[in-house]
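J.: Residue 786 in my numbering sits at position 47 of the sequence shown, with consecutive numbering throughout.
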Amino acid sequence: MEDEDCYYCPTCEERMLTVVHHDINSVFLTCRACGRSLALNRRLWALFLEKPDDRLSDFLMLAHAFGYTGTD
740 MEDEDCYYCP TCEERMLTVV HHDINSVFLT CRACGRSLAL NRRLWALFLE KPDDRLSDFL
800 MLAHAFGYTG TD
């Protein structure tokens, strides 16, 4: 898989996190380095994709601090 399709894993910080599945509500990712699986609300994922070079761990920490879950 090409590097631009990989994101930084919030667990191991390796750029090996890839989207493995998505549905109407969620995006499911798995890290090829450490095996961590993660499901994110699609709205939250869309916000992250506005700046995909940012580390997902930093983004998730900021979203949590503001209490944002991606749902109404």
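Beta carbons: idealized from backbone N, C-alpha and C, even for Gly.
Assuming the contact rule is C-beta atoms closer than 8 Å, Leu779 and Val759 should be a hit. Round their C-beta distance to whole Å, please.
T.: Incorrect: roughly 12 Å between the Cβ atoms, too far for contact.
J.: Would you kindly work out how many angstroms separate the C-alpha atoms of Asn703 and Leu788, rounded to a whole number?
T.: Limits of the chain in this structure are 740 at one end and 811 at the other, which puts residue 703 out of reach.
J.: Taking the CB atoms as reference points, tell me whether Pro749 and Leu795 lie closer together than 8 Å.
T.: Against a cut-off of 8 Å, the Cβ pair of Leu795 and Pro749 comes out as a contact.
J.: Quickly, what does DSSP pair His803 with across the bridge? List them, please.
T.: Paired residues: none, contrary to the question.
J.: Suppose the cutoff is 7 Å on Cβ atoms and the five residues either side in sequence are ignored; what does the same chain contact list for Thr757 look like?
T.: The residues are Met740, Asp744, Cys745, Leu768, Thr769 and Arg771.
J.: Could you check if Leu801 is buried or exposed, using at least 16 other CB atoms within 10 Å of its CB as the buried criterion?
T.: Leu801 comes out exposed.
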